[in-house]
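Quick note: to get the working numbering, add 400 to the position in the sequence shown (first position is 1). What follows is a short report on a single structure.
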Amino acid sequence: MGKKTTSSNSTQVSTKRIAEIVGLARSTVVRALRNDPMIKAETIQRVQLVAQQMGYKHNHIARSLASGKTNIIGCIVPNVANPFFADMITEITTRLAEARRSVLLGVTNDSNAVEEMYLETFMNYRVDGILLATSREQYDQEYHRRLKDAASPVVFIGEGEPIGVDSVRADDETGLYELICFLKQNGYERIAFIGDLEAELHHSWLGRVDGYKRGLLENNLYYDPQYLCDCPRAADLPAVLDRLMRLPKPPEVVCAGNDRLAIELIHLLHKRGMRIPEDLAVVGFDNISMASEMSPRLTTVDLHIKGITNTAVERLLERIRSRQAGEDLEDAGKYHVRIKPELCIRETTRVLAGNATRRKRPVEVG
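The following block contains the structure:
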């Protein structure tokens with residue numbers, strides 16, 4: 401009675417078992433499964449046919465240990481509820497798929513402990529590299545060391561510039577500054593800013609607040625400290641709006657620290673019967689997809705998520721290729737790029753006659 405060449409449990413099929421079936425050395429079977437040109441074509445065909453009948457699957461982990469590469473990239477993000485990070489993930493996975501790389505995704509839900517867990521897990525999986533979009537406000541010396549000395553190269557996206565680690569992010573300060581200049585050019589004098597001021601330690605929020613203040617100063621615009629409002633959640637908007645509109649000189653326009661907050665403010669103004677931009681203009685920051693789909697369409701600052709992610713992915717792939725070749729780039733850990741945002745002028749602000757603003761292409765600075 402002949403031996404069966406099928407298996408109900410493919411995970412238990414081994415090259416040793418295939419070798420027993422075909423009557424060849426295990427090393428020959430392994431080479432045949434890899435299409436080694438030194439193995440006769442008829443032998444390769446016979447081995448691969450038996451392997452297919454048995455439901456054999458390549459052990460990619462074992463292969464990666466032998467070759468020193470997995471073609472897998474780890475990606476860590478703070479959350480996926482925020483459209484900004486959802487768009488970022490889409491861009492990253494699209495670009496890496498084009499480069500024939502798979503992605504392991506870790507969502508930290510803004511937890512430093514979970515972020516560190518994913519870093520350790522990805523290192524244990526021996527991923528080729530890691531893209532890290534963190535919610536971490538500060539980096540201690542030990543964290544710097546771990547990232548710098550990691551077996552897999554790491555590139556930061558969007559937040560922070562830890563010492564010894566490559567990073568790519570938006571130039572938030574320039575984006576907000578240019579937004580204030582646009583508002584000034586179109587007749588706005590009293591400009592408020594609302595956002596999560598408690599998160600000022602984040603580079604992005606700190607940059608946006610600095611850009612707001614610099615824009616007011618350099619354009620000789622009226623500044624009232626009460627125009628700078630802490631508003632960490634959408635639920636705080638009614639009280640913040642009431643406080644602003646009761647000021648002796650209420651603002652003519654409100655800059656929201658991100659598009660989600662701006663969109664919630666627009667919904668609130670609609671409920672109160674206020675016209676946009678006639679009664680109050682609103683601007684956002686991020687240019688998430690919803691900003692161009694709502695009514696009225698939101699004037700905002702486009703951070704160029706695609707430009708940021710593509711730059712970060714290309715840098716990471718460059719680091720990976722260099723490291724797998726047994727060397728590393730001279731500027732490894734010193735690569736810090738800021739992508740200049742651009743204005744998206746839409747319907748929530750007025751544009752004075754003859755003042756149409758041309759959109760500028762994104763520019764790398766710093």
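Even glycine gets a Cβ: it sits at the ideal position worked out from N, Cα and C.
Tell me, which residues are paired with residue i by DSSP?
i	result
A681	V653
L496	DSSP lists no partner for L496.
A662	Looking at the DSSP assignment, A662 forms no beta bridge with any residue, so it has no partner.
A725	Beta-bridge pairing links A725 to no other residue.
F593	L628, C655
S535	Paired residues: none, contrary to the question.
D566	V555
C581	Paired residues: none, contrary to the question.
Y612	Partner(s): none; Y612 has no beta bridge.
T700	C744
Can you give the Cα-Cα distance for residue i and residue j, rounded to whole angstroms?
i	j	result
A656	P650	16 Å
F556	D549	15 Å
L661	S689	14 Å
L601	V609	Model confidence at L601 stands at a pLDDT of 47, short of 50, so the residue's coordinates are unreliable; what they give is reported in the following sentence. Taking the straight line from one Cα to the other gives about 11 Å.
D679	E652	8 Å
Y735	R675	46 Å
T411	R434	Annotation note: pLDDT 43 at T411 (below 50); position unreliable, coordinate value reported separately. Cα to Cα, the separation comes out at about 19 Å.
A451	P437	18 Å
F522	L531	11 Å
E420	G455	15 Å
R759	D659	Confidence in R759 is poor, its pLDDT being 44 and thus under 50, which makes the residue's placement unreliable; the coordinate value appears in the next sentence. R759 and D659: Cα-Cα distance of roughly 19 Å.
V683	I666	10 Å
T711	T749	32 Å
A691	D540	37 Å
R495	V713	7 Å
F484	G558	10 Å
A439	R446	The sequence shown places Ile at residue 439, rather than the Ala named in the question. Each residue's Cα considered, the two are about 11 Å apart.
R417	A725	35 Å
E589	L583	8 Å
T415	E442	18 Å
Taking all protein chains shown into account, decide if residue i is buried (16 or more other Cβ within 10 angstroms of its Cβ) or exposed.
i	result
K740	buried
D731	exposed
A481	exposed
N620	exposed
P762	With a pLDDT of only 40 at P762, under 50, the local geometry of the prediction cannot be trusted, and the value read off the model is given with reservation. Buried is the call here.
R715	buried
N509	exposed
R721	exposed
M488	buried
A570	buried
T490	exposed
P638	exposed
H670	exposed
S604	buried
S552	buried
G754	exposed
A592	buried
R723	buried
Y622	exposed
I580	buried
D630	exposed
M401	No answer about M401 holds up, because its pLDDT of 42 lies below 50 and its placement is not dependable.
R643	exposed
Going by alpha carbons, who is nearest to residue i out of the options?
i	options	result
C475	W605, A451, V527	V527
R501	V507, T508, T493	T493
L752	P677, P478, L532, F484	P677
H544	V565, A533, S552	V565
G733	Y577, Y525, V568	V568
D624	A533, P648, A425, T699	P648
E393	E747, L668, C631	Nothing in the structure corresponds to residue 393, since the chain is present only between 401 and 766.
H704	E718, L717, N687, R719	N687
A499	D728, C744, E718	E718
S535	N512, G529, T700, E520	N512
V413	Q453, S427, I444, L424	Q453
V701	V503, V640, D572, A634	D572
Y627	A634, L616, A635, S427	L616
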